[in-house]
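With our numbering as the guide, the letters of the sequence shown map in order to residues 606 to 1388.
For glycine and all other residues, C-beta sits at the position ideal for the given N, C-alpha and C.
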Amino acid sequence: MSKVKILLVDDEQNFLTASKIYLEKRRDNYHIETCLSATEALALLEKNPFEVIISDYQMPNMTGLAFLKELKKRGDTSIFIVFTGKGREEVAMEALNLGADYYLQKGGGHTSQFTELINLIDQSVAKKRTEKELRESELRYRSFVESFQGIAFRRRIDGILILFHGAVKEITGYTEEEFLRGKPLWEEIIFPQDLRELQKLEKGIYSISEDFTHREYRIVRKDGKIRWIREYLKKIPVPAKQATIIQGTIHDITHHKKVEEERERYLQELRLINDTIIRVSRMNDNDEICQLIGKTVHSLNKEAYIFVSLFDRDIGAIRVRAIVGLDEKELLLIINLLGELSEYSGYYDEKDEEAKLYTTGKIEFIPGGLNHLTAGKLSPESLEKIERAILWEGNYSAYAIGFALEDKPYGGISLLLPKGKEVQHQTAIETLASHISIVLQHKQTEEQLTISKHRLNAFINSSSDLIFLKDNHFKHLLVNEAYCQFLAKKREEIIGKTDFELLPDKLARQCRQSDKKVLETKKMTVVEETSENKIFETQKFPVKLSTGETGIGGIIREITQKKKRIQSLQLHHDFVQEQRDELEAFASTVAHDIRSKLQIISAYNELNKGTEYSTKIDLQIKEINRFLENLLELAKQGKILGNLEVINLNHLLTEVIKDIQPLAPGLTILQRKLPVIKGDPIKLRQVFENLLMNVVKHAEASKVEIAAEENEEDYSISIQDNGRGISQERQQRLLNLLANKEHTASGLLIVTKVIEAHKGRITFESTEGKGTKVIISFPKNKK
606 MSKVKILLVD
616 DEQNFLTASK
626 IYLEKRRDNY
636 HIETCLSATE
646 ALALLEKNPF
656 EVIISDYQMP
666 NMTGLAFLKE
676 LKKRGDTSIF
686 IVFTGKGREE
696 VAMEALNLGA
706 DYYLQKGGGH
716 TSQFTELINL
726 IDQSVAKKRT
736 EKELRESELR
746 YRSFVESFQG
756 IAFRRRIDGI
766 LILFHGAVKE
776 ITGYTEEEFL
786 RGKPLWEEII
796 FPQDLRELQK
806 LEKGIYSISE
816 DFTHREYRIV
826 RKDGKIRWIR
836 EYLKKIPVPA
846 KQATIIQGTI
856 HDITHHKKVE
866 EERERYLQEL
876 RLINDTIIRV
886 SRMNDNDEIC
896 QLIGKTVHSL
906 NKEAYIFVSL
916 FDRDIGAIRV
926 RAIVGLDEKE
936 LLLIINLLGE
946 LSEYSGYYDE
956 KDEEAKLYTT
966 GKIEFIPGGL
976 NHLTAGKLSP
986 ESLEKIERAI
996 LWEGNYSAYA
1006 IGFALEDKPY
1016 GGISLLLPKG
1026 KEVQHQTAIE
1036 TLASHISIVL
1046 QHKQTEEQLT
1056 ISKHRLNAFI
1066 NSSSDLIFLK
1076 DNHFKHLLVN
1086 EAYCQFLAKK
1096 REEIIGKTDF
1106 ELLPDKLARQ
1116 CRQSDKKVLE
1126 TKKMTVVEET
1136 SENKIFETQK
1146 FPVKLSTGET
1156 GIGGIIREIT
1166 QKKKRIQSLQ
1176 LHHDFVQEQR
1186 DELEAFASTV
1196 AHDIRSKLQI
1206 ISAYNELNKG
1216 TEYSTKIDLQ
1226 IKEINRFLEN
1236 LLELAKQGKI
1246 LGNLEVINLN
1256 HLLTEVIKDI
1266 QPLAPGLTIL
1276 QRKLPVIKGD
1286 PIKLRQVFEN
1296 LLMNVVKHAE
1306 ASKVEIAAEE
1316 NEEDYSISIQ
1326 DNGRGISQER
1336 QQRLLNLLAN
1346 KEHTASGLLI
1356 VTKVIEAHKG
1366 RITFESTEGK
1376 GTKVIISFPK
1386 NKK
């Protein structure tokens, strides 16, 4: 039994507790909650509905009757029972007038008063639930009747209708009243061909033991239209000697029948297309393929003549490959006439505007008829003869759909029909043409693959390098001519064998070791070996085989002369490096000596400071110092700074950001106040561009902030992004690259050199997943 939710409202806690325990003990299906005031109960009712509310009358702040008034105002439909110690008759009358369901007075025997309360609850809940179910049932029935799209009937065995109700006019065109008057009788509107079968079935209804059956047949509506209906019949038990009663429903299934017919036709077309495509895919002869396509299309359009054309690779043009639908005499005539154009480019010409009709993937009407289908190559006399003898005295229509290969016409299907006739099963033919295009594409791909294989073999065999391919069991699958000549064996003596069957044992073990490494690491290996004063380089790499396994591909190349050239270049490089080192050392020594002399001159010049000559000498000393600095930089082959200027980094960064921002519209670049320093504006711009582009390209950040901090000796410029950060391993790798001046870190190396050239330094801090902070320190301008 379903739960009954009950709310007890009373200002006496002991009464509430005792009542809850007693009622729930007497009824397992009672679920009781309690409240000490009407105000508390109203708050609870806003969240949870209850079927029954049992309330005291006399309560502080709000009486039981005031509580009832508020509930009715809110539209609450719960069963309301006043359970109170007040025995005044006027209270009871007012409670019932306000909408209380029951009034029960406390007092008397405890058991008897709660037994009465339980009876009131059970009876009122049962009554209310029954009323609710009845309302819902009536609503469902009303909804069913209003939405019923068929006809409900009851009739006697003699055909007299007792009930005939529903969508009568919508299905038959007649009204209910006309049928009930017997004008017309139901059997009078049954389709004549179906009536006899129905009469046989009608007799069987009364003789069989089952009391239910159904049947489908056609009727003729009042407006003459044919409708399919399904009729459900059931015998109704009646007292003896009374006429048998039949009742049932009638439903219009015309649309359903059409859908079934369309579905069956679709399945037949699908089977036909599928069978044709499978057979075409197994054929190699294009004439046979076209003949099969023509027969398939003709089976769908019996009145049409079908022409199937296809591109002929041998002549580089489209030609008619099959004609279906003509008798022998007609076929002989058209073959003789078409003999004059057995080869024609026709609609294969991409410049022809009408050629586009053959690339739409749809059956298109061809305004020019046979003349257009033959690209205008037929003489007027031949065209007229064909149209008179075969094409219904010229009263015909032409349609075509092309086979498209790489979006170019590759042939097609043409249908010639008597004028006024339409192409039947159009979707099926379009589907067939689409799939045939795919099959033809596959066939062409296979042909091109075969050609490519021949070309690849020719290329491999023309190479002077030794080329081989092994399977995962180290057996040779492919070798070129150079490989055969090197081993002095025929190809068939090598294929299927391992190195241990072809090479000396020591060399075979070396080959096997490197082969295993390729299979294990799935990476390319390069090995140099010397044999008979010749140096060979062997490159081995993993190859995915057609079996799905991984094999070993390899190229063996003699590099003796290459190694000699490399050694020669290395010796030359070492010589040049030695000269450069000597030049750098010499330049450094010279610069040191000159600076020493300049310091002496400068010291003497201090004695004459303030004179005209003193100023000139001082300028010359500075000029020579700048010259020496440039000389040293040239000697070291480092990044040479241009003219140093006073640079406002705010202005410089604004220009840099202006150039970079369009490259990263989703990146927010915040620029704080930056200092003024001395440096090469071009090189410093290069530094900041490089660092910001690194953020754009690698950091995957949404925000970067550029700020400055002034220290005692220098300025610290920080570039902080919120990107993916750099792992500890990669940070160490970058530091190693910079320390070794390796070219793989050339961008950062350039930045470092430029900053170092400005007497600055660069460091970075990064946590993976939390961004990167690059810190550049520039010395303060000394006055």
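Asked, Found
"Option nearest V1379 by Cα separation, candidates R1338, G1328 and S1323", "S1323"
"Endpoints, the beta strand (DSSP E) within which T1055 is located", "Premise fails: T1055 lies in the alpha helix (DSSP H), Q1031 to S1067, not in any beta strand (DSSP E)."
"Buried or exposed (CB count within 10 angstroms, at least 16 for buried), T1152", "exposed"
"Y627 vs V609 beta-carbon contact at 9 Å", "no"
"6 Å CB neighbourhood of C1089 in its chain, flanking five on each side removed", "R1096"
"Heavy atom of the ligand ZN within 8 Å of L1037 beta-carbon", "Although the ligand ZN was asked about, the structure shown includes no ligands whatsoever."
"Where the beta strand (DSSP E) through H1081 begins and ends", "H1081 to V1084"
"Inter-residue spacing [alpha-carbon to alpha-carbon] between P789 and S1019", "53 Å"
"Neighbour-count burial assignment, D1285, 16 or more Cβ in a 10 Å radius", "buried"
"Counterpart residues of V1309 in DSSP-defined beta bridges", "I1274 and D1326"
"Entirely enclosed beta strand (DSSP E) segments - the region 624-700, minimum 3 residues", "635-640, 657-660 and 684-689"
"K1139 in three-state terms, based on DSSP", "strand"
"Limits of the alpha helix (DSSP H) - the one that L877 falls within", "T859 to R887"
"Neighbourhood of I813 by C-beta distance below 8 Å, restricted to the same chain and skipping five residues each side", "Confidence at I813 is low in this model, with a pLDDT of 40, below 50, so the placement of that residue is unreliable and no value is reported for it."
"Reduced DSSP secondary structure (H/G/I, E/B, other) of H1256", "helix"
"Residue-level contact to chain E via CB, A1009, 9 Å cutoff", "Note that chain E does not occur in the displayed structure, where there is just one protein chain."
"Selection from V1281, Q1336, R823 and G778 that minimises the alpha carbon distance to E1314", "V1281"
"Identity of the residues DSSP links to H856 by a beta bridge", "R835"
"CA-to-CA distance, Q754 to Q663, given in whole angstroms", "59 Å"
"R801 - DSSP class collapsed to helix/strand/coil", "helix"
"Cβ-Cβ separation, E1310 to L1275 (assumed contact under 8 Å), whole Å", "4 Å"
"Close Cβ partners of E935 (< 8 Å) along its chain, the five nearest in sequence each way excluded", "A994 and I995"
"Environment of E802 [buried if 16+ CB atoms lie within 10 Å]", "exposed"
"Environment of V696 [buried if 16+ CB atoms lie within 10 Å]", "buried"
"Supposed close pair L1037, A1003 - CB separation, criterion 8 Å", "That belief does not hold up - the Cβ atoms of L1037 and A1003 are roughly 19 Å apart, past 8 Å."
"Identity of the residue in R884, N879, L875 and R926 nearest D892 by Cα", "R926"
"Counted within 10 angstroms of its Cβ, other Cβ atoms place E821 as buried (16 or more) or exposed", "exposed"
"DSSP-derived helix/strand/coil call for P985", "helix"
"Straight-line Cα distance separating Q1172 from I1160", "23 Å"
"Beta-bridge partners of T1377, as assigned by DSSP", "S1371"
"At least 3 beta-carbon pairs within less than 8 Å: the region 675-684 vs the region 643-660", "yes"
"Contact between the region 664-673 and the region 632-646 (3+ Cβ pairs under 8 Å)", "yes"
"Nearest neighbour of S914, chosen from I882, A1033 and A1005 [CA to CA]", "A1005"
"DSSP beta-bridge partners of I850", "R761 and I841"
"Cβ-based neighbour list, L988, same chain, cut-off 7 Å, excluding 5 preceding and 5 following", "L975 and N976"
"Environment of Q618 [buried if 16+ CB atoms lie within 10 Å]", "exposed"
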